[in-house]
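A.B. asks: Residue numbers (the working numbering): 1 to 319.
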Ligand code: ADE
Ligand code: ZN
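1) Can you list the residues near the ligand ADE, meaning Cβ strictly closer than 6 Å to any non-hydrogen atom, in the order they appear in the chain?
2) In this structure, how does DSSP classify residue 294 when only helix, strand and coil are distinguished?
3) Compute the beta-carbon to beta-carbon distance between residue 250 and residue 289, rounded to the nearest angstrom, for a pair I have assumed lies under 8 Å.
4) May I have the straight-line CA-CA distance separating residue 165 from residue 189, to the nearest angstrom?
5) Check whether the stretch 217-226 touches the stretch 170-181, counting contact only when three or more Cβ pairs, one atom from each stretch, lie closer than 8 Å.
6) Using only alpha-carbon positions, find the residue among 63, 4, 86, 16 that is nearest to residue 276.
7) What three-state label does DSSP hand residue 214 in the structure shown?
8) Quick one, which of 121, 1, 141, 9 has its alpha-carbon nearest residue 237's?
9) Under DSSP, the beta strand (DSSP E) around residue 157 begins and ends at which residues?
10) Can you tell me whether residue 58 is buried or exposed? The criterion is at least 16 other CB atoms within 10 Å of its CB, across all chains shown.
11) Should residue 6 go down as buried or exposed, given a rule of 16 or more other Cβ atoms within 10 Å for buried?
12) Taking 8 Å as the line, does the beta carbon of residue 213 fall inside it for any heavy atom of the ligand ZN?
13) Is residue 189 helix, strand or coil when you go by DSSP?
14) Does the distance between the C-beta of residue 9 and the nearest non-hydrogen atom of the ligand ZN fall short of 8 Å?
15) Whose C-alpha, out of 111, 121, 113, is nearest the C-alpha of residue 86?
16) What are the uninterrupted segments assigned as beta strand (DSSP E) that are 3 or more residues long and contained completely in the stretch 75-128, given in chain order?
17) Can you tell me which of the three DSSP states residue 267 falls into?
18) Contact between the stretch 32-45 and the stretch 91-103: three or more CB pairs below 8 Å?
19) To the nearest angstrom, report how far apart residue 252 and residue 239 are at their CA atoms.
20) Under the rule that 16 or more other beta-carbon atoms within 10 Å means buried, what is residue 319, buried or exposed?
21) Where does the unbroken alpha helix (DSSP H) through residue 144 begin, and where does it stop?
22) Report back the beta-carbon spacing between residue 268 and residue 279 to the nearest angstrom; my notes put them in contact at under 8 Å.
23) Note down, in chain order, each residue of its chain lying with its Cβ closer than 6 Å to the Cβ of residue 2, except the 5 sequence neighbours on either side.
24) Are the CB atoms of residue 69 and residue 11 nearer to each other than 9 Å?
25) Can you tell me which residues form a DSSP beta bridge with residue 130?
26) Exposed or buried, which one is residue 33 when buried takes at least 16 other CB atoms within 10 Å?
27) Any heavy atom of the ligand ZN within a distance shorter than 8 Å of the CB on residue 309?
28) Please indicate yes or no: does the CB of residue 46 lie closer than 8 Å to some heavy atom of the ligand ZN?
29) What three-state label does DSSP hand residue 70 in the structure shown?
30) Run the proximity test for residue 91: is its beta-carbon closer than 8 Å to any non-hydrogen atom belonging to the ligand ZN?
31) If you draw a straight line from the C-alpha of residue 297 to the C-alpha of residue 304, how long is it?
32) Write down the C-beta distance between residue 144 and residue 88 rounded to the nearest angstrom, noting that I regard them as a contact closer than 8 Å.
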C-alpha cells in the first residue's frame with residue numbers, strides 16, 4: 001500500500017504522456033515533428049527550464065477539445081490514485097491554450113468533467129489552480145482572470161509559472177490583488193531558477209500562501225528563518241530539479257537539509273510525463289537517493305495534507 005498523500009504541485013499539461021499525445025494528434029489531425037512516441041521521448045533531454053518549456057508548449061498543440069482535457073485529467077487521476085494520491089491541487093495554464101484559440105471554457109469544463117468524478121472513480125479529491133504565464137505581460141494575466149470569471153466555481157486559486165528569471169513576482173501585483181478580491185487562494189512558483197529574493201517578493205507583494213519550488217531558499221538564511229517561523233509550505237519537485245538541471249543529481253538535492261532546517265516541505269511531481277515519474281515514484285527516488293527514513297517519508301506525506309487547501313476555510317496569513 002503506497003503512503004496516502006496529497007499532490008500540490010502538478011501541471012495537468014505536464015501529465016501528457018507521449019502515447020496520449022500521439023492519439024490526440026491523430027484524432028485532431030495535428031502533425032507532430034516526431035516519428036512516434038518513442039522518438040518524442042528521446043527528445044526529453046533538457047538543459048534548463050526554457051528548453052523544457054519550448055517542447056512542452058509545442059506539444060500542447062494536440063489538446064483541442066473539452067474531451068481531450070477530460071481524457072488528460074482522467075489519465076492523471078488513475079495514475080496518481082495508484083501511487084497513493086488522495087487529494088490533488090492541479091495547475092493549468094489557460095494562456096497556453098487561449099493563444100491557440102482554444103477557449104478557456106473548453107479547458108476548464110473539460111478538466112472539471114474529469115475532476116468532478118475524481119472522488120467517485122479514483123478516490124481522489126481535487127482543486128484546480130489557474131496559473132498565469134509570468135513571461136507574458138501582466139495585462140494578459142488580468143484578461144485571463146477576467147475571462148475565467150464565468151468558471152470560478154471550478155477554480156480555487158491562482159498561481160504563477162513559466163520562465164522565471166527576469167519576471168519577478170511584483171509584475172503581477174495588481175492581478176493577485178484582483179484574484180484575492182474574488183476569493184481565490186494564491187500560490188506562485190519562486191526560487192526554481194530565480195533568486196531567493198523572488199520568494200520573499202511572492203510573499204510580501206503577492207501575499208501567496210505557498211511557494212512552488214522554493215528550492216533556492218536555502219541560499220538566504222534570513223529567508224529560511226522566516227519560512228520556518230511561519231511554516232510556509234514549499235512544494236518541492238526533486239525529479240524536475242534534476243531534469244531541468246537546477247541540481248546536478250538527486251543525491252545533491254537539498255530536500256533532506258530543508259527538512260532538517262524545519263521547513264514545511266512537500267514532495268511533488270511537477271510534470272511527471274516529462275521528468276521520469278509520478279509522485280509515488282518521486283517518494284521512492286528521494287528515499288533511495290537521500291537515505292530517508294520511513295518516519296521522514298511519513299512526515300513528507302503528513303506535510304502534504306497540512307499544506308493543502310483542505311479544511312482551511314480561510315487563506316493562511318503570515319502573523
Ligand atoms: N510550467 C510547467 N512546469 C513548470 C516549471 N517547473 N516551472 C515553471 N513553469 C512550469
Ligand atoms: Zn511547476
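Note that CB positions come from ideal geometry on N, CA and C, so glycine has one too.
C.D. replies: Here's the rundown:
1) 11, 14, 49, 161, 162, 189, 192, 240, 270, 271
2) Here residue 294 corresponds to residue number 294 of the chain shown, with the count starting at 1. DSSP places residue 294 in helix when its eight states are reduced to three.
3) If you number the chain shown from 1, residue 250 lands on position 250. If you number the chain shown from 1, residue 289 lands on position 289. Sure, about 4 Å apart at Cβ, within 8 Å.
4) Looking up residue 165 in the chain shown gives position 165. Looking up residue 189 in the chain shown gives position 189. Approximately 11 Å between the Cα atoms of the pair.
5) no
6) Numbered from 1 along the chain shown, position 276 holds the residue referred to as residue 276. Residue nearest to residue 276 within the set 63, 4, 86, 16 is 16 (criterion: CA-CA distance).
7) Along the chain shown, read from residue 1 onward, the residue named residue 214 stands at position 214. Three-state DSSP puts residue 214 in coil, outside helix and strand.
8) In the chain shown, counting from the first residue as 1, residue 237 sits at position 237. The shortest Cα separation from residue 237 among 121, 1, 141, 9 belongs to 9.
9) Taking the chain shown and counting its residues from 1, the one referred to as residue 157 is at position 157. Run containing residue 157: 157-161, per the beta strand (DSSP E) assignment.
10) Counting from one through the chain shown, the residue named residue 58 turns up at place 58. With fewer than 16 other Cβ atoms from the protein chains shown falling within 10 Å of its own Cβ, residue 58 counts as exposed.
11) Working through the chain shown from its first residue, we reach residue 6 at position 6. When all chains shown are included, residue 6 counts as buried.
12) For the purposes of this step, residue 213 is taken as residue 213 along the chain shown, with counting starting at 1. Checking the Cβ of residue 213 against the ligand ZN gives yes.
13) The residue given as residue 189 occupies position 189 in the chain shown. Of the three classes helix, strand and coil, the one that applies to residue 189 here is strand, per DSSP.
14) Position 9 of the chain shown, counted from the first residue, corresponds to residue 9. Yes, Cβ of residue 9 sits closer than 8 Å to a heavy atom of the ligand ZN.
15) Residue numbering aside, residue 86 sits at position 86 when the chain shown is read from its first letter. Cα-wise, what sits closest to residue 86 is 121.
16) 85-92
17) Locating residue 267 in the chain shown gives position 267, counting from the first residue. Strand, per DSSP.
18) no
19) Numbered from its first residue, the chain shown carries residue 252 at position 252. Numbered from its first residue, the chain shown carries residue 239 at position 239. Looking at the two C-alpha atoms, the distance is approximately 12 Å.
20) The residue labelled residue 319 in the question sits at position 319 within the chain shown. Since pLDDT at residue 319 reaches only 49, below the 50 mark, its modelled position is unreliable, and the value read off the structure follows with that caveat. Result: exposed.
21) The count along the chain shown starts at 1 and reaches residue 144 at position 144. Counting along the chain, the alpha helix (DSSP H) containing residue 144 begins and ends at 138-147.
22) In the chain shown, residue 268 corresponds to position 268, counting from 1. In the chain shown, residue 279 corresponds to position 279, counting from 1. With 8 Å as the limit, residue 268 and residue 279 qualify as a contact, their Cβ atoms being about 6 Å apart.
23) Translated into positions along the chain shown, residue 2 becomes position 2. Same-chain partners within the cutoff: 83, 84, 280.
24) Reading the chain shown from its first residue, position 69 is the one you call residue 69. Reading the chain shown from its first residue, position 11 is the one you call residue 11. The Cβ-Cβ distance between residue 69 and residue 11 does not fall below 9 Å.
25) Against the chain shown, residue 130 aligns to sequence position 130. For residue 130, which the question treats as bridged, DSSP gives the partners 92, 158.
26) Counting from one through the chain shown, the residue named residue 33 turns up at place 33. Under this definition residue 33 is an exposed residue.
27) To locate residue 309, count along the chain shown from 1; it is residue 309. No, the Cβ of residue 309 stays beyond 8 Å of every heavy atom of the ligand ZN.
28) Position 46 of the chain shown holds residue 46. Every heavy atom of the ligand ZN is 8 Å or more from the Cβ of residue 46, so no.
29) Translated into the one-based positions of the chain shown, residue 70 becomes position 70. It is helical.
30) Locating residue 91 in the chain shown gives position 91, where the first residue counts as 1. Yes.
31) Residue 297 sits at position 297 when you count from the first residue of the chain shown. Residue 304 sits at position 304 when you count from the first residue of the chain shown. Roughly 11 Å between the two C-alpha positions.
32) Numbered from its first residue, the chain shown carries residue 144 at position 144. Numbered from its first residue, the chain shown carries residue 88 at position 88. Actually they are not in contact, since the Cβ atoms of residue 144 and residue 88 sit about 22 Å apart, beyond 8 Å.
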